């Protein structure tokens, strides 16, 4: 029997504001517990929320980038439930009228090329704090630093049909929020988290099966693994004649299984109602237009432009536009090397530059070889000053802080010998020193040509321009 | 001196006929002598009050005084006061020291008032008799077997008995106007959003508004001029500029049109109260006002609307009291659920529990549309009635309460009867309109209040009408004989 | 519509309120009266009426994104019943 998996994702992405969504406390990660929880975040008696403008702007940016409608009027509601990481006993969240709704994003799939995934809505809400479970004599410790950090919850349509598609969608959203500069997307720090609604049905069935919700999937791999495991579990249950229970489940990556979440067993009734401390958020069309004008170039557009403008392969364009910073680095390097083939720039960025970053544990924006330096270096290859091999050496020297490109070439005397008469003289010397090999060449053994090249290079410590050496050898041997 | 108006004491201070320290000592002495009988104050801040008074005298001496500098006042214990216990008269917050000042508190402090202490109230402002307080009922200075009204009953009793010169209150469904009426005071609830709600512990956020209980309209004007204004910490505060309400009292009287809702004078209204209200209307007529009869078609819905909306909001507002970050925490709990249920079960009194459960009920799945949404629609109808009335009249005037003060214990076990005390006052909260109660007579030795309701942001019109009324009458100058 | 003791018990769980057995019956009676009283609203014709969520008919004001609060943990935790190493303690949270 063929089964179809139906998946919808709810992605929670923390917005990269300085201060919290309803208070002036900092949002920075990693501060000592409760030092970034102000009276508003603690839900103290008498305090009131005031909405952060940037959170609204960031939500609108996301909406515009995903072809969504931007609600000119959206409303914050209270979602009422008790939990120690939720100080007020309610979460302020948009419920009936979200700020962003009805859009889509395209993902690449292995079978069909591209697939359009609907975005039902994206709404603003406040994050909760954290419960720490270790070492408090059987109690839990509550840190409310994260409470009130702005979240954008992005809800997809149940358009995803496999764990791979879910992963591709999540990566695509992840890339987009970072491009837009609205989230750092840091999954280790919990800035980008995902819940998955998973159900299965027999192929051809119109009706959706009973779904389960998988909570807190905090890596791409876990999303894919958890969905696979959960879909298998549901199929097993159904094939054994059982029924899937609608419930919230947790993915246990150590055991590679999903299990029901105990704390959510009790039926909840969130008693949503409009938050009377906040008024409707009204966004002018002119504000939306000015945000649209300020949007950066988005990944799909940039990929297409890279392929077109730089004549790059789809693969190269894809890698280089993997992040806005990387794309920006490439473009600046290419601009600094106007006489160099774009393909060469692309190869160096994807090869040498990225390898160096990985080794140093740095981000592209922190690269020790700036885009300008790389461009300069590549121009030296193009104009024949450096061989590719020596350029590598210069790259490493600049990277380890020994000086500028020009200084290192100068100090180490690495400049290529390109003077035709000097090369002719070198070649003539080598031929004169090896009469036997000259004889072999003249008898038709052209393989010895490599030997001569090697001798010239040896004599010049690799600095002779290899093309010119070859040319001179052929000419002088023919005489 | 303790029965003088704020305006008179302000003049005496300015003229250096009395010092702020002397005035403060007088009132602290009054509190020491009378509070055990009235239970009006839950916290007396004698030391800090004298510090406030010394600073006030310095300001008066160096010429930087305001009309409120050196005036001894009290705050309802719903306003957060930095470093001072802020209990909302609940066991839940019996141990709570506010780490910050409410905006209204800070503004009054900056103007130089002397804070004598915090006044008793119905627990979390839920009540109309001040009997739901964890600290016991407040007694009415006019008859100590009677309630002073609620929820700002402590503030009302304190001003009426001369334990302070003026007091703040909050009004969610009549909690300033009703106690003002029952204790012979002038009470004002400004337009929703006129005074910041920041630091005022929330009961029902879309209805709560801070105001004052004073001896007369001129005193209210002086207090409100300082308390009102935009606050960046309150998203629902109004940005409109604040007029000098005291100055506008002095402008010439202009003939106004008064609408009297005839459906306020039905069976529920005590006949003697009705007569006192009619007498009050006659005073306005004498002043040249045109009196016309109006109908507020949907005002009869205001009690049921209120008892859906207010508990709904309260049930959510009071969820933060969970025994984790502040407030009462139950001991020897089994688990998290037990911590929550017992901390809240022990911390809240019966009326608060009833309202939390009512609010939980009307918001729960299956009931939301029938109760909460329907109440919001009916609220719109009530607000529209007022809007329509104000196309034709300048003020809506009628009784503040159906009866004078009732006996302590008389209605405490009958929520519905208790809720009906607010039948005339709730409408202004639902519509967000400014409203006042001013004394207009005595029935069997107990004060009766006349309620004035004005359009959005028309506090000037309201205060001026009350002020001119008080130039013609002396009901507001009556003081309970035992506390004269 | 009347509220039964079972309803009261459900509401108490939702609202996290412990009530004594003697309170339960009284609460059921009083909540029934209140629900009956507010139930009068249902007789009102409200077709086409826009629900009034708030007395202010104005949009939400937005705050500039700036850090205006600094650490005052120790002061804020003076009101806390149980803290350790800067954390608020609660009975073990089970996920």
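Protein chains in written order, with our numbering: chain V, 2 to 480; chain A, -10 to 473; chain Z, 57 to 151. In this text, a Cβ means the ideal position worked out from N, Cα and C, and glycines have one as well. Model, not experiment: these values are computed from the prediction.
For residue i, does the three-state DSSP call read helix, strand or coil?
i, result
"residue 114 of chain Z", "coil"
"residue 92 of chain A", "helix"
"residue 97 of chain Z", "helix"
"residue 158 of chain A", "strand"
"residue 464 of chain A", "helix"
"residue 252 of chain V", "strand"
"residue 151 of chain A", "coil"
"residue 388 of chain A", "strand"
"residue 131 of chain A", "coil"
"residue 81 of chain A", "helix"
"residue 68 of chain Z", "helix"
"residue 360 of chain A", "helix"
"residue 12 of chain A", "helix"
"residue 50 of chain A", "helix"
"residue 77 of chain V", "strand"
"residue 31 of chain V", "coil"
"residue 452 of chain A", "helix"
"residue 175 of chain V", "helix"
Which term fits residue i, buried or exposed, when burial requires 16 or more other beta carbons within 10 angstroms of its beta carbon?
i, result
"residue 150 of chain Z", "exposed"
"residue 372 of chain V", "buried"
"residue 242 of chain A", "exposed"
"residue 157 of chain V", "buried"
"residue 363 of chain V", "exposed"
"residue 436 of chain A", "buried"
"residue 194 of chain A", "buried"
"residue 256 of chain V", "exposed"
"residue 168 of chain A", "buried"
"residue 56 of chain A", "buried"
"residue 392 of chain V", "buried"
"residue 196 of chain A", "buried"
If we define contact as Cβ-Cβ less than 8 Å, is residue i a contact residue for chain A?
i, result
"residue 125 of chain Z", "no"
"residue 131 of chain Z", "yes"
"residue 125 of chain V", "no"
"residue 278 of chain V", "yes"
"residue 149 of chain V", "no"
Which chain Z residues sit within Cβ distance under 7 Å of residue i?
i, result
"residue 347 of chain A", "87, 90"
Among all the DSSP beta bridges, which residues are the ones paired with residue i?
i, result
"residue 140 of chain Z", "Z:143"
"residue 154 of chain V", "V:13, V:124"
"residue 102 of chain V", "V:70, V:122"
"residue 4 of chain V", "V:203"
"residue 213 of chain V", "V:199"
Counting only beta-carbon atoms, is residue i nearer than 8 Å to chain Z?
i, result
"residue 330 of chain A", "yes"
"residue 400 of chain A", "no"
"residue 467 of chain A", "no"
"residue 266 of chain V", "The predicted model places residue 266 of chain V with a pLDDT of 48, which falls under 50 and marks its position as unreliable, so this point remains unresolved."
So residue i contacts chain V; which residues on that side make the cut at Cβ distance below 9 Å?
i, result
"residue 313 of chain A", "85, 88, 143"
Return no unless some Cβ of chain V is closer than 8 Å to the Cβ of residue i.
i, result
"residue 223 of chain A", "yes"
"residue 109 of chain Z", "yes"
"residue 190 of chain A", "yes"
"residue 115 of chain Z", "yes"
"residue 372 of chain A", "no"
Given that residue i touches chain Z, what residues does it touch there, using C-beta distances under 9 Å?
i, result
"residue 139 of chain V", "147, 148"
If the cut is a Cβ gap below 9 Å, which residues of chain A does residue i touch?
i, result
"residue 51 of chain V", "221, 222, 223, 224"
Can you name the residues of chain Z whose CB is closer than 8 Å to the CB of residue i?
i, result
"residue 195 of chain A", "109, 110, 111"
"residue 404 of chain A", "86, 89, 90"
"residue 25 of chain V", "119, 122, 123, 124, 125"
Residues of chain V with CB under 7 Å from residue i, in chain order?
i, result
"residue 140 of chain Z", "137, 142"
"residue 121 of chain Z", "18, 19, 20, 53, 54, 55"
Please list the partners that residue i has in chain A, where partner means a Cβ-to-Cβ separation under 8 Å.
i, result
"residue 91 of chain V", "305, 308"
What residues of chain V sit near residue i, judged by a beta carbon separation below 8 Å?
i, result
"residue 143 of chain Z", "34, 35, 133, 137, 142, 143, 144"
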